[in-house]
Amino acid sequence: MHRRPSGKPHIHLLSRLLAIQKRQGHLSEKSLRKLSKNTGISLTHISEVASFYSHLSLKPRGKHVIRVCDSPSCYLRGSENILKVFQKKLGIKPGQTTQDGLFTLELSSCIGLCDKAPAALLDGVPQTNLTKKKIEKIIEECR
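Numbering-wise (this note's numbering), the sequence shown opens with residue 21 and increments by one.
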């Protein structure tokens, strides 16, 4: 087990990774190496953090990221059917990106909107009480 070096660079590592991802759409190997060089944090540690958090992506994603909540509460209120609608309308499965690069579909653990389930995040913005009609409108507005 390796130890983190002492010092403050680790305090802001997650926020730096999020900022890079916001600019680039994902965390490339090149950007992780550059961050390691600039902060003195080992590339191994940075890669471990980047791969641990589900909101961080090491591969390119679509312009719009849809994260469907599959927590027990959302599941009991229809998230499985909502996921099927997204899959059918977009022609992709969770973890995939549309060929035009416009949408990436992902699953998410609880997003804290159990009272408004089924729910999803569209580019980090909550979409609640989802129905087939609402999903069609969301997709149409993003195109």
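The C-beta atom is built at its ideal place from N, Cα and C for all residues, glycine as well.
Length of the line joining the Cα atoms of residue i and residue j
| i | j | result |
| --- | --- | --- |
| Leu37 | Leu55 | 9 Å |
| Leu103 | Gly45 | 23 Å |
| Gly82 | Val88 | 15 Å |
| Lys57 | Arg163 | 39 Å |
| Ser99 | Leu122 | 22 Å |
| Thr118 | Leu34 | 28 Å |
| Lys109 | Thr151 | 13 Å |
| Leu141 | Ile158 | 11 Å |
| Asn101 | Asp90 | 11 Å |
| Ser67 | Glu126 | 20 Å |
Range of the contiguous alpha helix (DSSP H) that encloses residue i
| i | result |
| --- | --- |
| Ser128 | Unbroken run through Ser128 is the beta strand (DSSP E), Phe123 to Ser128; no alpha helix (DSSP H). |
| Leu96 | Pro92 to Leu96 |
Own chain partners of residue i with C-beta closer than 8 Å, once the 5 adjacent residues on each side are dropped
| i | result |
| --- | --- |
| Ile40 | Leu47, Ser51 and Leu55 |
Residue of the options minimising C-alpha distance to residue i
| i | options | result |
| --- | --- | --- |
| Ser77 | Glu156, Arg43, Ser91 and Phe106 | Arg43 |
| Ser128 | Ala139, Cys162, Glu49 and Gly121 | Ala139 |
| Lys154 | Phe106, Ser67, Pro92 and His32 | Phe106 |
| Ile70 | His32, Pro92 and Ser91 | Correcting the residue type first, residue 70 is Ala in the shown sequence and not Ile. It is His32. |
| Leu96 | Pro114, Ile61 and Ala137 | Ala137 |
N-terminal and C-terminal residue of the beta strand (DSSP E) that residue i is part of
| i | result |
| --- | --- |
| Arg87 | His84 to Cys89 |
| Gln119 | Note, Gln119: premise wrong, no beta strand (DSSP E); not H, not E. |
| Leu141 | Ala140 to Leu142 |
| Pro146 | Val145 to Gln147 |
Cβ shell of residue i (< 6 Å), same chain only, five flanking positions each side left out
| i | result |
| --- | --- |
| Cys134 | Ser93 |
Contact set for residue i: own chain, Cβ-Cβ below 7 Å, skip 5 residues either direction
| i | result |
| --- | --- |
| Val145 | none |
Handout entry: Residue ranges of each alpha helix (DSSP H) within the segment 23 to 63, 4 or longer
Key = 33 to 44 and 49 to 59
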